[in-house]
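Residues in the sequence shown are numbered from 1 upward in steps of one, following UniProt numbering. Working notes, beginning with the structure itself.
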Amino acid sequence: MYDHAKQKTRFAGPHFLFYEPLTADYLANVDKASELPLIDHIPREQIGAYVPMLFPNLGLAESEASWSTFHVIPMAPDKTLVDIRTKVMPASDRQYRKQSWSSYYHFKWKNGGKYSTQDPSDPMASGDFMLEDIYVCEQQQKAMRSPMYGIGAMAAHLEQSVLGFQQHVLNWVPVDPALIARRAPS
């Protein structure tokens, strides 16, 4: 659906901006492939995923068919609440059902997943980007607890947004010199 190799990211002050265009084949079939009716006032050449993250914890996500806000609320070091609100183009229930079925048949019979497999339960072969994203996030969470977890060769580029965000947090959080003195090695 989205062309990961052509993504563009940058910071604007403490805010993070992300853009990823559609793949050429998805764009060519977006009228049939989109799960929801398309936003009708976006020029075709500008369709893609736009995700600005407003520091410290508010995000916007715009795609070919929806506009969402998400509020990321830390609950504990390993637990986060995400409140998502989404708006789509106004359409009748019939129009939504028709578009949903069109998308289902497009992905089931024409597009498929990231690769083909004999395992029907493999989320990466489902053609459903939400199932793929959930699977990838779960695998990353498992890997972070692994003793094999470490920084790899691609981290400097692919993880730059995480490193930049963490630096903005450090710059934002007030520092108590007494706390630092207590933690300093003797």
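Cβ coordinates follow ideal geometry from the N, Cα and C atoms, glycine included. Nothing here was measured: the structure is a model prediction, and the numbers come from that model.
In whole angstroms, what is the alpha-carbon distance linking residue i and residue j?
{"i": "proline 123", "j": "proline 177", "result": "48 Å"}
{"i": "tryptophan 101", "j": "glutamate 35", "result": "8 Å"}
{"i": "methionine 130", "j": "tyrosine 2", "result": "12 Å"}
{"i": "valine 51", "j": "glycine 59", "result": "7 Å"}
{"i": "arginine 10", "j": "valine 162", "result": "11 Å"}
{"i": "alanine 143", "j": "arginine 94", "result": "43 Å"}
{"i": "aspartate 83", "j": "asparagine 57", "result": "11 Å"}
{"i": "serine 68", "j": "lysine 32", "result": "22 Å"}
For a cutoff of 8 Å on Cβ pairs, would you count residue i as touching chain C?
{"i": "proline 120", "result": "No chain C is part of this structure, which consists of one protein chain only."}
For residue i, does the count of other Cβ atoms within 10 angstroms reach 16, so buried, or fall short, so exposed?
{"i": "serine 126", "result": "buried"}
{"i": "tyrosine 48", "result": "The identity of residue 48 in the sequence shown is glycine, whereas the question assumes tyrosine. So glycine 48 counts as buried."}
{"i": "valine 173", "result": "exposed"}
{"i": "valine 30", "result": "buried"}
{"i": "glutamine 99", "result": "buried"}
{"i": "serine 103", "result": "buried"}
Only counting the same chain, and skipping five residues up and downstream in sequence, which positions put a Cβ closer than 6 Å to that of residue i?
{"i": "alanine 91", "result": "Pro37"}
{"i": "methionine 75", "result": "Leu81"}
{"i": "lysine 6", "result": "Pro21"}
Under a three-way DSSP split, which group does residue i fall into?
{"i": "isoleucine 134", "result": "helix"}
{"i": "aspartate 83", "result": "strand"}
{"i": "methionine 124", "result": "helix"}
{"i": "residue 190", "result": "The chain is shown only over 1 to 186; residue 190 falls outside these bounds and no answer can be derived."}
{"i": "leucine 163", "result": "helix"}
{"i": "serine 103", "result": "helix"}
{"i": "methionine 75", "result": "strand"}
{"i": "leucine 170", "result": "helix"}
{"i": "proline 90", "result": "coil"}
{"i": "proline 21", "result": "strand"}
Identify, in the order they occur along the chain, each residue of the same chain with its Cβ nearer than 7 Å to the Cβ of residue i, setting aside the five sequence neighbours on each side.
{"i": "phenylalanine 165", "result": "Phe16"}
Quick one: residues in its chain with C-beta nearer than 8 Å to the C-beta of residue i, no 5 flanking neighbours on either side, listed in chain order?
{"i": "methionine 89", "result": "Leu36, Pro37, Leu38, Ile39, Asp40 and Ala65"}
Q: Indicate whether the contact test is met: 3 or more Cβ pairs, each with one atom in the region 25–39 and one in the region 52–67, closer than 8 Å.
A: Yes: the two stretches touch, three or more of their Cβ pairs being nearer than 8 Å.
**Q.** Inter-stretch contact at 8 Å, needing at least 3 Cβ pairs: the region 132–139 / the region 17–29
**A.** A contact between stretches requires three or more CB pairs, one per stretch, nearer than 8 Å, and the region 132–139 fails this requirement with the region 17–29.
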